[in-house]
Every structure is written in structure tokens, then in C-alpha cells.
């Protein structure tokens, strides 16, 4: 009897651990390929490491160099922030409008859905090459189209003033994933709400403002955070489309880190750069989270609150 | 109950095995089998050239029963991958190399190996090339291929404009005069094209040709980069843009040349194949001279080096010798200019209409050392120069060369 109880206990114990064992390949993967390098790069940020020879401990040297002795650091940071200020609202707006469009019941909506989503599937390298062609001042299709309208297009990628706008446009082209997230959310809103609103005489704009928008704030919140993060981490496009140029006007922070690491072979310094960006992203995300209590609206909060209030004596 | 226990045990085992195989792959490679030494050889080549390289390696492996060479094709981003390998103490034993100053600490000096082979061995390579395959007065690689830079010109456009083809020994004034005649706004043809964001490494040859350079032997920019002779060169290029018969391009100008809209541009031997494919009727001629100077070209060289960390250096040397031998030089002749005098002789390359120009440029360009070999932080200086050149050539800035170079020399 006792024997049976013991083995039962052991089996229970084992059963408790089984789920962890099931996800262990993933855990091993993240430890080995994400957490490991992360910790390693944090350690390396305190070293001077030219890769081809041995690392040398320099304490906070990399960090102090970054803040006091590298004008490019501030320039790149500013360029990246400027990009985020343009890109985040624009991409949120476009993806929301697209999502609203593809929820309409018109013929061929599935095709449009596919077309709008397609850019999200295409690899960043291909996207960069295509936009390189589109933006070409002399032979590009964009300036050709503008010339048909009688407008002389800007020298997109050649002029330092318009290069960052070009990057914003090319980035905003790939909002398919955000659009899809908005779309599923909008599709999930009960049609009853719209019906009763229509009966009360609300037009489409009023319906959007009073029903759709409040109900998709959680998605808006999610998309805001992810697009902010991806804006601050932008690299592929600037690496391949402009390589920081013209005249360093698109020398984004991501490129700054990349070049420090792989062009100048200053891996320790690049690690310090990367960790600083990590902290900025962390702070920004925390800020957005803090603000969310003011403007993000969860349906279940409303359903529960009056119920609880009613019960109380 | 027992059954359940057996089941979960089985699952546990399965998962352990799975996770072990997931992360433990590829450790068994290091042991050499049957006394055979395995050598890793990294190349930046891809596609067609790779097939040829593998064939050569197969030949080597056949001839050397005790050595096995494995080809590792890193392709694009070669430098990043080599760097990562060195950082992880896992560099290939033998590797293609060009940027010696950057990698010198991780490369084995080859002078003792070369001496053992006798002086004839070293003398058979073109002298100019040793400069480009050394750092800190030590030879760190054997030359495999090279290219000097020349002017490519479109024969059809010259014929249409009714002017004779350029001849060796011509001057920059000749080039400008030709370019003016060749430029044709109505058909949007430009006389000359050069990169609007030139690679500073390549651009230094234009300064050399005018008796200037980026740095002196001590590595000082001040007084060299912004010397009157340097400013003169940059001003000349800028003027060609301002006067409208030359254009800047994003790359070397090869793309524009291929479209038939550009009459002349400078580049290494890389463009021969693609221009032929594009059906352009072209010729090559030496770089133009400056008024009181000479035509000097930078050399873009490819060498082959040995890792300092390698544990099989003798076998690695054996392979390096093979890779730079006459046989291998001849095998690569279609896509690389041979570096051995004996091969140039036996293949009669000095009489080849195109190739002789590159060899002539090579001989004229002896004793010049690029700035990248003279300064420690070349990659940063290079970035600074790139920005300077760009602000001189960018159409929306076209800044004054003197001001820009003075600033960059600080």
C-alpha cells in the first residue's frame, strides 16, 4: 500500500514537470540563442573588443565615450526619433484605414486583403531593392508618375532633406501585419451595436467614433507599442536603400550600432550602444503602458463594474 | 500507474534526446580520420566561380592523400563572417583576404614560409602586389588575383561623335575635352561618369596621380588630404559635374555604361564580363595623367592567408602554395588576372588587347601604399572621407572642396 502511495507521489511529481519538459526545446533555444548572447553582450559592453584580438576591460569607458565623445551617437539618435515621430502615427493611420476598408462588404474584398497584406510577406531585402528603383530620381516610376501630374518630383534618395521621408514611405508600405490585427479586432465587434446605433440614427462616421474606435483601443495600444519598437530598430531599409546617406541624413541608430560592430570592429562599443537603445525602448514602452489606463478601453471592465456595484449593499 | 510512469519516463527521455540533438549538432567534425589533416578554406566567391574552386580543391585533395581541404563558401558579408569566426576562435585555417590592416592580428606572417621556397618563388609574383598583401612589414598573404583601374569607353559613342579613341598616355584635359564632345543632352548621353560617393580606398589613386595622398607616412591627414594638390583633384571632378558633361552615379558607373548612356567611366577588371553581356562595344585605356604627373592606379587585390590560430600550418601552407601555383592561376584566368609573371608570359597576356592595359597600370603603380595601410583607424577615416566626398559631389550641396577637405583633415 505504502509502495503504491510512494509511486503515486512520484508520478504526480513527474506529471508536474512534464509540461516544462515539453517546452524544453524552446527553453533551451531561448537560453542558448537569446538570453546567452544578451548576457554576453552586456558583459562585452564593459570591454574594448576589436574582435581579432583579445578583449580588454575598460569599465564604463564605452558608455562615457558614447555620451561625451561621439557626436554621431546623438545625431543617429535624433534621426531615429525623428523617423519614429513620422512613422508611428502614419503607419497606425494607414493600417487602420486599410483595415476599415477591407471590412466593408464589397466585391473582391478578399483580393484587396491579400494585396494589402502581401508587402508584409516580402523579404526586407527585396523591398529595399524595389524601393530603390521606385525612388530613382531620373528613371524611377514615382517621379514619372508625378511628372504626369505636372509635378517635378524631389530627388528622393539623393537629397538629404527628402531621404528620411523616403524611408518613412518605404517602411509604411509594409503595414500589412498591423492592418490584419486591426481587421480581426474590427471583425470581432458585435454587429448588434452597429444595428442599434443605426436605428438611433448614427451615421458611419459617428459609428466609427463611438463604437469602433473605443472598442479597438486595446489593439491600437498593442500596435502602438510594436510599431514604436520597430521604428526605433529600423535597419534593413537604411542599410540597403541608403546605407546611411545621403550625407548621413539616414544614419539611423540601428546602422550606427551595426557599423560600429561590423565595419569598425568595435564590438564592445556596439554592445554598449545596443544596451542604451534597449533602455530607451524599455522606458518608452513603460510610458505608453502607463498612459494606457487613460485611453485604452476594455469591454469586460464595463460589463463587470456596474454588476459589482449593484451587488454591494 | 506503472504504465503512466513508464509513459512519462519515455516522454522525458524523448525530450532530452530531442533537445540534445537540437543543440549539439556538428561537434564530431574536428577529429581527423586516419591521420588525414582536415583544412577549412573560406572563400568569398559564389555561383560559377565556386564550381571552379571546388574542382581545383578536388584536384588538390587527390594529389595529397594526407590532406583534406573543405571549401566553405561565405559569399556576401564575407568580412562579417570571418570576423565572427576570429572572435569565436573558430577562424578557417586558410582564407581569402584583402583587408590586411584590419585582420593582421589574427593572421600568420608568411615570410619564413616564403623564404623556405627560395627567391625564385617570391620573384615570380609582381612586385607591386606585395605592398598590398602585407601589414607592419610582414607578408600576411600570397597574391591570388588583382585588378588595377582603367578607363572603359564606349566605342560606338566615340564613333558617333566622330572623335578618335583615347590613347595610353592621355591627360585629364584630354578626357574632359572628349567628354564635352561626347555629351549629348538631347539623347541624355553623358561623357563621363563617376561615383557620387566614391569608396575612399579607390579614390586615392586620383590624388596619387597628382602627386598627393590622404596621409603621409606618419598617418597625418592635415596638410595631405587638404593640400593644394588634393584640392585640385576634387575641384576638377566637381567642375566636370558643374559644367554638365559628367554625371555622378550610385555605383562605379557600370550600370549606366551598360545602358549605353555613358561614354566613359573608370573601374577595375570586374566590368569586362557584364559589359560584354550587355553587348556594349567597349575598349579600355590607361587612366589619364595629370598635367605634370603620371597615371597611377590603386590595386584591388585578393590574397590568401593563414589563420594564426590554425593547428595545421604546414598542411595549410601546402594548400596556399597550390592555390597560388601556375596551374591554379591558369585555371582562374577567365575571371581573375593572374599574378605570376611566368603565367602572364606563357599565356601571352601582354598582347591581349584588354588585359595588357591592366598589367601596364600595375607596373606603373609600384611603390604606392594606400592610406588604409598607414593609419590604424582606417574604417573611421574612410567614413569621414566618404562624407567629405559626398558633400562635394552631391548635387544638392556641391560644397567647396577646400572647405570640406580642411574640415575633414581636422
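Protein chains in written order, with the UniProt record's numbering: chain A, 1 to 313; chain B, 1 to 410. All residues carry an ideal CB built from backbone N, CA and C; glycine is no exception.
DSSP places residue 71 of chain B within a strand segment (E or B) once states are collapsed to three. Here residue 200 of chain A is exposed: its Cβ has fewer than 16 other Cβ atoms, across all protein chains shown, within 10 Å. Per DSSP, residue 211 of chain A lies in no alpha helix (DSSP H) segment and is marked neither H nor E.
At a cut-off of 8 Å between C-beta atoms, residue 46 of chain B does not count as an interface residue with respect to chain A.
Under a 10 Å Cβ-count criterion, residue 127 of chain B is classified as exposed, with fewer than 16 other Cβ atoms of the shown protein chains found around its own Cβ. An exposed status is given to residue 19 of chain A, since fewer than 16 other beta-carbon atoms sit within 10 Å of its beta-carbon.
Note on geometry: alpha-carbon atoms of residue 407 of chain B and residue 53 of chain B lie some 46 Å from one another.
Looking only at B:133, B:171 and B:396, the smallest Cα-Cα distance to residue 245 of chain A is reached by B:396. For residue 215 of chain A against residue 189 of chain A, the beta-carbon gap comes to about 5 Å, under 8 Å, which counts as contact.
Taking 8 Å as the threshold, the shortest C-beta distance from residue 106 of chain B to chain A falls below it.
Residue 162 of chain B sits in coil when the DSSP states are folded into three classes, being neither helix nor strand. Here DSSP, grouped into helix, strand and coil, assigns residue 321 of chain B to helix. Close partners of residue 248 of chain A in chain B (Cβ separation under 8 Å): 387.
The beta carbon of residue 227 of chain B does not come within 8 Å of any beta carbon belonging to chain A, so the residue lies off that interface. Under the three-state reduction of DSSP, residue 41 of chain B is assigned to strand. Its Cα nearest to that of residue 97 of chain A, the residue A:112 stands out among A:108, A:112 and A:74. Annotation for residue 63 of chain A: the continuous alpha helix (DSSP H) segment containing it runs 61 to 68.
Residue 223 of chain B and residue 402 of chain B have their C-alpha atoms some 12 Å from each other.
In the DSSP annotation of this structure, the continuous segment of the beta strand (DSSP E) that includes residue 152 of chain B starts and ends at 150 to 154.
For residue 138 of chain B, the beta-bridge partners assigned by DSSP are B:135. For residue 320 of chain B, the closest of B:98, B:303, B:372 and B:330 by C-alpha to C-alpha distance is B:303. Boundaries of the alpha helix (DSSP H) around residue 209 of chain B: 200 to 209.
The C-alpha of residue 301 of chain B is placed about 13 Å away from the C-alpha of residue 125 of chain B. In the three-state DSSP reduction, residue 94 of chain B falls in the strand class (E or B).
Under a criterion of Cβ atoms nearer than 7 Å, the residues of chain B adjacent to residue 263 of chain A are, in order, 379. Here the C-alpha atom of residue 367 of chain B lies approximately 40 Å from the C-alpha atom of residue 62 of chain B.
Residue burial annotation: residue 134 of chain B is buried, with at least 16 other C-beta atoms found within 10 angstroms of its C-beta. Non-local C-beta neighbours of residue 208 of chain B in its own chain, meaning closer than 6 Å and more than five positions away in sequence, comprise 296 and 368, ordered along the chain. DSSP lists B:340 as the bridge partner or partners of residue 125 of chain B. Contact annotation for residue 34 of chain A against chain B: no contact, minimum CB-CB distance about 13 Å [criterion: below 7 Å].
With contacts defined as CB atoms closer than 8 Å, residue 370 of chain B and residue 201 of chain B qualify as a contacting pair. Taken in chain order, the unbroken stretches of alpha helix (DSSP H) that lie wholly in the segment 52 to 128 of chain A and span 4 residues or more are 61 to 68, 71 to 103 and 109 to 121.
At a cut-off of 8 Å between C-beta atoms, residue 159 of chain A counts as an interface residue with respect to chain B. Under the three-state reduction of DSSP, residue 143 of chain A is assigned to helix. Between residue 391 of chain B and chain A, the shortest Cβ-Cβ separation is below 8 Å.
For residue 299 of chain B, no beta strand (DSSP E) run applies, since DSSP gives it neither H nor E.
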